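Some notes on the structure that comes next.
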Amino acid sequence: MAEKLIEIKNLKQYFNVGKPNMVKAVDGVTFDIYKGETLGLVGESGCGKSTTGRTIIRLYEATGGQILFNGKNITGKLSKSEEKQLNRKMQMIFQDPYASLNPRMTVADIIAEGIDIHGLAKSKKERMERIYELLETVGLNKEHANRYPHEFSGGQRQRIGIARALAVKPEFIIADEPISALDVSIQAQIVNLLKRLQRERGLTYLFIAHDLSMVKYISDRIAVMYYGKIVELASSDELYQCPIHPYTKSLLSAIPLPDPDYERKRVREIYDPSKHGYDPDEKLELREITPNHFVLCSEKEYHQYKKQYEGNCRAAQKVR
Amino acid sequence: MYMDQLRKDDFEIVGVKIEDTEKISQPSLSYWKDALNRFRKNKLAMVGLVILILLIFMAIFGPLISGYDYRTNDLANKNLPPSAEHWFGTDELGRDVFTRTWEGARISIFIGIAAALIDLTIGVLWGGIAGYKGGRVDEIMMRIADILYGIPYLLVVILLMVVFGQSVGTMILAMTITGWVNMARIVRGQFLLLKEQEYVLAARTLGASTRRIMAKHLVPNAMGPILVTMTLTIPSAIFTEAFLSFLGLGLNPPLASWGTMASDGLPALRFYPWRLLFPATFICLTIFAFNVIGDGLRDALDPRLRK
Chain A
0 MAEKLIEIKN
10 LKQYFNVGKP
20 NMVKAVDGVT
30 FDIYKGETLG
40 LVGESGCGKS
50 TTGRTIIRLY
60 EATGGQILFN
70 GKNITGKLSK
80 SEEKQLNRKM
90 QMIFQDPYAS
100 LNPRMTVADI
110 IAEGIDIHGL
120 AKSKKERMER
130 IYELLETVGL
140 NKEHANRYPH
150 EFSGGQRQRI
160 GIARALAVKP
170 EFIIADEPIS
180 ALDVSIQAQI
190 VNLLKRLQRE
200 RGLTYLFIAH
210 DLSMVKYISD
220 RIAVMYYGKI
230 VELASSDELY
240 QCPIHPYTKS
250 LLSAIPLPDP
260 DYERKRVREI
270 YDPSKHGYDP
280 DEKLELREIT
290 PNHFVLCSEK
300 EYHQYKKQYE
310 GNCRAAQKVR
Chain B
0 MYMDQLRKDD
10 FEIVGVKIED
20 TEKISQPSLS
30 YWKDALNRFR
40 KNKLAMVGLV
50 ILILLIFMAI
60 FGPLISGYDY
70 RTNDLANKNL
80 PPSAEHWFGT
90 DELGRDVFTR
100 TWEGARISIF
110 IGIAAALIDL
120 TIGVLWGGIA
130 GYKGGRVDEI
140 MMRIADILYG
150 IPYLLVVILL
160 MVVFGQSVGT
170 MILAMTITGW
180 VNMARIVRGQ
190 FLLLKEQEYV
200 LAARTLGAST
210 RRIMAKHLVP
220 NAMGPILVTM
230 TLTIPSAIFT
240 EAFLSFLGLG
250 LNPPLASWGT
260 MASDGLPALR
270 FYPWRLLFPA
280 TFICLTIFAF
290 NVIGDGLRDA
300 LDPRLRK
């Protein structure tokens with residue numbers, strides 16, 4: 000398989016450590032991101048998706064675990080030059096297009112922020128040329144450069160945010176719910192822009208979202224997160240056709256489709272974590288049910304899931 | 000006409016062109032231009048601004064056009080009522096009240112603006128660092144500010160006046176030694192709020208230094224409240240100066256300030272009311288002007304009030 004760009008090993012992010020209100024936002028997460036792929040990260044609100052993204056890009060200091068970027072550990076203290084290099088390789092697109100652009104700066108200054116910080120343009124002229132080029136890449140006009148963010152629509156602002164991230168020519172972009180604040184027609188526009196950029200520039204994405212249908216459309220693989228842990232990780236087709244973990248099944252059963260026949264039959268499954276009936280000494284870990292399909296389970300469940308998978312999914316796959 | 004009779008070339012796109020969908024028709028408006036427009040619409044604030052401009056103009060040129068000196072005694076012409084000769088009359092030493100009023104305006108406005116600027120500098124730095132760093136740094140810095148704020152103000156002033164002598168410098172020092180706490184609190188509150196904004200996070204992921212984040216992102220966005228606090232600090236400093244001078248803790252003669260003039264004029268209120276009337280009126284006018292400007296700025300700079 001392709002080269003690993005990022006390896007996340009047992010990443011932990013706790014808040015208020017040692018206080019009674021300690022929160023384990025991310026609790027021992029392990030996954031890899033391959034070069035050039037899009038990994039979707041889904042889960043309900045507050046399950047730690049965004050925190051995972053922000054910890055990877057070092058907005059938060061990880062409580063435990065390791066993050067390897069191109070094989071190099073990037074948690075803990077880094078030297079100034081290492082940090083600067085990393086800032087250029089890894090970028091982020093934010094959720095709220097209204098809060099992610101400084102209202103006092105012109106679009107040109109916003110986009111050029113990375114260029115200015117890293118000294119990527121030698122002259123004023125070169126800087127402006129880069130800005131125009133970036134504006135064009137995301138489908139905006141040159142004349143927009145001297146305007147202020149409040150003059151733009153949500154979709155346009157989000158594209159400005161993308162242009163800002165692209166300015167430093169990153170390899171890896173964390174998209175933290177980049178479309179959830181936009182209306183549906185604009186969502187498609189942004190997602191297609193992201194896909195096009197990936198094709199043209201060989202970008203790698205970590206796509207955080209809660210809209211499952213959109214995630215399936217953009218992602219190669221999907222990780223499902225629940226209460227700070229990854230419960231299932233598989234390629235997106237596999238995950239949609241053969242969900243194994245009950246939480247994934249519950250999530251998938253919540254997707255409405257514009258098909259009245261299907262909707263009439265759709266049964267909403269409710270996930271009840273107590274149904275697992277784990278013993279306190281049972282070891283839960285991500286186990287590979289079939290190649291590249293991981294599920295968080297105990298030893299006992301592993302065999303059960305495996306049998307279940309052989310029974311249901313193999314048959315289903317053969318029919319198709 | 001039936002559906003099958005319609006042909007494709009019966010139709011023509013008359014409206015939107017694809018290229019036009021991304022265009023913005025409104026003229027580009029920066030935040031400050033927009034705020035200025037809203038400020039202009041506020042009549043009371045504009046009245047305040049006109050009053051203030053007139054006052055500053057007179058403070059600069061008033062002493063020149065009267066033809067008198069603010070400190071030369073003329074005992075033959077003392078306590079004269081307002082006349083063509085002495086527009087605001089003369090005081091008990093025969094000095095021209097008109098000249099002294101504008102001389103006093105210079106000192107009052109100077110003290111007000113100087114105090115506000117010093118408050119601004121210390122307050123923004125102190126509050127900014129406390130708000131941005133947060134945690135223990137914030138805790139310690141703000142407790143220091145609280146302690147300063149808790150010291151009885153008049154005691155500090157009297158102490159400083161005794162130690163350093165009565166002068167304009169001491170007066171400004173006395174006002175700013177605790178005055179900046181207010182500004183620091185406001186800036187800290189703003190910074191605490193702003194540093195969690197996504198555009199600040201975006202700047203951090205781009206590798207922006209703390210100084211850059213402060214200067215480019217935090218201070219410009221906190222400018223509204225900072226400016227409003229500053230315009231409201233100026234009248235309170237002017238008032239404090241007048242109040243201290245009135246109590247005899249202010250400037251020494253022959254220097255004129257509105258406070259000392261009012262203080263001198265008070266005993267003569269029954270016989271020569273103009274000696275109190277003029278400085279008192281101008282204190283009121285100045286404070287009124289700054290206050291309505293401050294209110295107008297607050298309304299103009301608050302984006303929630305944008306129409």
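Protein sequences appear in the order of chains A and B. Quick note on numbering that gives the first Met the number 0: the first sequence kicks off at 0 and runs consecutively. Quick note on numbering that gives the first Met the number 0: the second sequence kicks off at 0 and runs consecutively. Each residue gets a CB set at the ideal place from its N, CA and C atoms; glycine is no exception. All values derive from a computational prediction rather than experimental measurement.
Grab me the residues of residue i's own chain with a C-beta within less than 7 angstroms of its C-beta, minus the 5 sequence neighbours each way, in chain order.
| i | result |
| --- | --- |
| T230(B) | F289, I292, G293 and L296 |
| A113(B) | I171 |
| Q188(A) | G154 |
| D26(A) | K11, G227 and K228 |
| Q186(A) | I178 and M213 |
| A279(B) | A261 |
| L275(B) | A261, G264, L265 and L268 |
| T177(B) | L147, Y148, I150, Y152 and V155 |
Can you have a look at residue i and say buried or exposed, based on whether 16 or more other CB atoms are within 10 angstroms of its CB?
| i | result |
| --- | --- |
| P177(A) | buried |
| S99(A) | buried |
| P255(A) | exposed |
| P62(B) | buried |
| L193(B) | buried |
| L300(B) | buried |
| T315(B) | Residue 315(B) cannot be examined here, being either before or after the span of chain B that is shown, 0 to 306. |
| K123(A) | exposed |
| G118(A) | exposed |
| R319(A) | Its pLDDT being 48, under 50, R319(A) is placed unreliably in this model, and the value from its coordinates should be taken loosely. Exposed, by the Cβ-count rule. |
| T209(B) | exposed |
| I56(A) | buried |
| I109(A) | buried |
Which residue or residues does DSSP assign as beta-bridge partners of residue i?
| i | result |
| --- | --- |
| H292(A) | T289(A) |
| L232(A) | A222(A) and F293(A) |
| V41(A) | A208(A) and V223(A) |
| E284(A) | C296(A) |
| D31(A) | E6(A) |
| M68(A) | Note that residue 68(A) is Phe in the sequence shown, not Met. I5(A) and K71(A), per the DSSP bridge assignment. |
| D175(A) | I207(A) |
| T89(B) | D95(B) |
| F14(A) | V22(A) |
Please report the Cβ distance between residue i and residue j, rounded to the nearest whole angstrom; I am assuming they are in contact, meaning their Cβ atoms lie under 8 angstroms.
| i | j | result |
| --- | --- | --- |
| T203(A) | A144(A) | Not a contact, Cβ separation roughly 29 angstroms. |
| R203(B) | G126(B) | About 20 angstroms; that fails the 8 angstroms criterion. |
| Q165(B) | N251(B) | 5 angstroms |
| D68(B) | T98(B) | 7 angstroms |
| G52(A) | D175(A) | 5 angstroms |
| L211(A) | H244(A) | With 8 angstroms as the limit, L211(A) and H244(A) do not qualify as a contact, their Cβ atoms being about 14 angstroms apart. |
| V227(B) | M182(B) | Going by Cβ atoms, the distance from V227(B) to M182(B) rounds to 11 angstroms, so no, they are not a contact pair. |
| D118(B) | W179(B) | 5 angstroms |
Below 6 angstroms CB to CB, which residues in the same chain sit around residue i once its five sequence neighbours on both sides are set aside?
| i | result |
| --- | --- |
| I282(B) | A241 and W257 |
| V22(A) | F14 |
| I5(A) | I32 and F68 |
| N9(A) | G27, T29 and G64 |
| P234(B) | I286, F289 and N290 |
| L191(B) | G130 |
| D182(A) | none |
| L251(A) | P242 |
| M141(B) | A129 |
Leaving aside the five residues before and after residue i along the sequence, list all residues of the same chain whose C-beta is less than 8 angstroms from its C-beta, in chain order.
| i | result |
| --- | --- |
| A222(A) | F30, L38, G39, L40, V41, I229, E231 and L232 |
| T247(A) | V223, V230, E231 and L238 |
| K215(B) | A202 and A207 |
| A111(A) | A120, R126, R129, I130 and A166 |
| R158(A) | V137, G138, L139, I189 and L192 |
| L54(B) | A104, I108, F281, L284, T285 and A288 |
| M160(B) | T169, A173 and L248 |
Give a yes or no on contact between the segment 192-202 of chain B and the segment 82-98 of chain A, applying the rule of three or more CB pairs nearer than 8 angstroms.
Yes: the two stretches touch, three or more of their Cβ pairs being nearer than 8 angstroms.
Does the segment 205-212 of chain A come within contact of the segment 39-58 of chain A, defined as at least 3 CB pairs closer than 8 angstroms?
They touch, by the three-pair rule.
Would you call the segment 299-309 of chain A and the segment 269-289 of chain A touching, i.e. three or more CB-CB distances under 8 angstroms?
yes
Contact between the segment 72-80 of chain A and the segment 183-201 of chain A is defined here as three or more beta-carbon pairs at a separation below 8 angstroms; is this criterion met?
Contact between the segment 72-80 of chain A and the segment 183-201 of chain A is absent, because fewer than three Cβ pairs lie under 8 angstroms.
Contact between the segment 230-238 of chain A and the segment 286-296 of chain A is defined here as three or more beta-carbon pairs at a separation below 8 angstroms; is this criterion met?
yes
Inter-stretch contact at 8 angstroms, needing at least 3 Cβ pairs: the segment 132-143 of chain A / the segment 162-171 of chain A:
With a cut-off of 8 angstroms, the segment 162-171 of chain A and the segment 132-143 of chain A count as touching, because enough Cβ pairs lie within range.
Under 7 angstroms, CB to CB, which of the residues in the segment 186-204 of chain B have a partner in chain C?
Absence of chain C from the displayed structure is noted, the protein chains being A and B.
Is the number of C-beta pairs between the segment 150-166 of chain B and the segment 206-222 of chain B that are closer than 8 angstroms three or more?
no
Would you be able to state if there are at least three C-beta pairs under 8 angstroms between the segment 270-282 of chain B and the segment 136-153 of chain B?
no
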